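In full-length UniProt numbering, the protein residues as written are 1 to 166. Right, one structure below, let's go through it.
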Amino acid sequence: MSDAPAAEAPAPAPGKSKMLVIVLCSILAAGAAGGGVYFMTAKQSGEEHAAAEAAPAVKTPAIYSKFDPPFVVNFQNKGMMRFLQVSIEVMTRDQMTADLIKEHDPKLRNDLLMLLGGQTFETLSSREGKEQLRTQALKAVADVIAAEGGKAESVEQLYFTSFVMQ
């Protein structure tokens, strides 16, 4: 064994080591920035994709069909003649159904007049009675649409836009 000191590698010049540190830091910073941009855009597109899958199909705008003129029916109540005037609108999102409602207006008006005329003053005086009538009228309209080649479920709602009893 020799007692000679081990030869040490010559130390790099101080200017070169500073330059090496600066270059390495620049590469590291650029990599971090690029990675951050990648993960942010990947996360956003993943969220958008998940939201697109989770969101139900966008509903088409509602189409309202109004029965004009308003319905006027009379009925007996304890020996007195009573009158009901009601304006009705039907909501659908299907243009074919809206066209069928217009085309079969006479049949729809007939069925609705028969339904309205069969009510009692006491029944229509309560909120529950009006809601029950609304449900029956919706079914009557849907039945006519189905009988004429449309889809009954495309008649979504029926609204009383005016309801006057005397």
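Positions of the beta carbon are idealized from the N, C-alpha and C atoms, including for glycine. Just so it is clear, the structure is predicted and the values come from calculations on it, not from any experiment.
Taking the C-alpha atoms as reference points, what is the distance between residue i and residue j?
i           : j      : result
Phe67       : Met91  : 12 Å
residue 168 : Met81  : Since the first residue shown for the chain is 1 and the last is 166, residue 168 is missing from the structure and cannot be characterised.
Leu108      : Asp99  : 13 Å
Ser65       : Gly79  : 36 Å
Asn77       : Phe121 : 6 Å
Met165      : Val58  : 39 Å
Arg127      : Gly149 : 33 Å
Ala32       : Cys25  : 10 Å
Tyr159      : Glu89  : 5 Å
Thr135      : Phe39  : 53 Å
Gly34       : Leu20  : 21 Å
Thinking just about the alpha-carbon of each residue, which of the options is nearest to the one in residue i?
i      : options                         : result
Val86  : Val73, Gly79, Val37 and Lys18   : Val73
Lys130 : Gly79, Gln119 and Ala29         : Gln119
Ser154 : Thr60, Phe160, Asp105 and Ala29 : Thr60
Ala62  : Met19, Arg93, Cys25 and Ala140  : Arg93
Tyr163 : Thr97, Ile22, Phe75 and Leu84   : Just to set this straight, residue 163 is Phe in the shown sequence, not Tyr. Nearest of Thr97, Ile22, Phe75 and Leu84 to Phe163, Cα basis: Leu84.
His104 : Ala147, Thr135 and Pro69        : Ala147
Met114 : Gln95, Val23 and Phe75          : Phe75
Answer yes or no: do residue i and residue j have a C-beta to C-beta separation smaller than 7 Å?
i      : j      : result
Leu116 : Phe71  : yes
Ala137 : Ile145 : no
Ala142 : Asp111 : no
Check whether the Cβ of residue i lies closer than 6 Å to any heavy atom of the ligand NAP, and answer yes or no.
i      : result
Glu148 : By its list of ligands, the structure shown contains no ligand whatsoever, and the ligand NAP lies outside what it can speak to.
Given a threshold of 16 other Cβ atoms within 10 Å of its Cβ, counted over all protein chains shown, does residue i qualify as buried or as exposed?
i     : result
Thr41 : exposed
Thr97 : buried
Check whether the Cβ of residue i lies closer than 7 Å to any Cβ atom in chain C.
i      : result
Ser125 : Chain labels in this structure do not include chain C; a single protein chain is all it has.
Enumerate, from N- to C-terminal direction, the unbroken alpha helix (DSSP H) stretches of 4 or more residues contained entirely within the region 76 to 146.
-> Listed in chain order, the complete alpha helix (DSSP H) runs (minimum 4 residues) inside the region 76 to 146 are 95 to 103, 105 to 117 and 121 to 125.
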